[in-house]
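Input: a single structure, listed below in structure tokens.
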Amino acid sequence: MTGRITVARLLLVLCLMFPLLLAAPGCENSTVNKESFDKIQIGMSQYDVEKLLGGSGTEDSAPPGFGVTGGSVATTKDAPPEKTYVWKSDEATIIVVFKEGKVVQKSQK
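Next comes the structure, spelled out in structure tokens:
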């Protein structure tokens, strides 16, 4: 009989802990918010942004377009590539564009 009580207690504990385990992933991006967005500065390194936002973002792989340089139109292959990363949480979505490892643009939703 004691074996059944132990198993029942184990199941009870697991059932009570399960909602906490589901909530834990939401805590990961708690630094993705307006306050953190405001701290991101043009020229800041990608490492510093990742540290501020609690990890690396998801790379947004938009197709290459065109840029304007010196009064003429040139494809982006002529310029150093820009990489766009996105961080999301329940509070905010932060989009940061990096060029040569430095912030060149930021936006939030």
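Quick note: the sequence shown uses numbering that gives the first Met the number 0, first residue 0, plus one each step. C-beta: ideal position from N, C-alpha, C; glycine also.
Inset, instruction - Kindly identify the DSSP beta-bridge partner or partners of I94. - result: BP columns for I94 point to V85, S106.
Legend entry - Host beta strand (DSSP E) of E58 (start-end): 57 to 59
Legend entry - Cut-off 6 Å between Cβ atoms - residues of its own chain near G161, not counting five sequence neighbours on either side: Beyond the ends of the chain as shown, which are 0 and 108, falls residue 161; an answer cannot be given.
Inset, instruction - Give the C-beta separation of T92 and K108 to the nearest angstrom, bearing in mind that I take them to be a contact with Cβ-Cβ under 8 Å. - result: Contact annotation, T92 with K108: C-beta distance approximately 4 Å; criterion of less than 8 Å satisfied.
Inset, instruction - Determine the DSSP secondary structure at S44, reduced to helix, strand or coil. - result: Of the three classes helix, strand and coil, the one that applies to S44 here is strand, per DSSP.
Legend entry - Range of the contiguous alpha helix (DSSP H) that encloses S35: 33 to 38
Legend entry - Residue environment, V67, which counts as buried when at least 16 other CB atoms sit within 10 Å: Low confidence applies to V67: its pLDDT is 46, below 50, so where it sits in the model is not reliable enough to give any reading.
Inset, instruction - Within its chain, find whatever has a CB closer than 7 Å to the CB of L52; leave out the 5 residues flanking it on each side and keep chain order. - result: Excluding sequence neighbours, L52 sits near T30, V31, S35, W86, I93.
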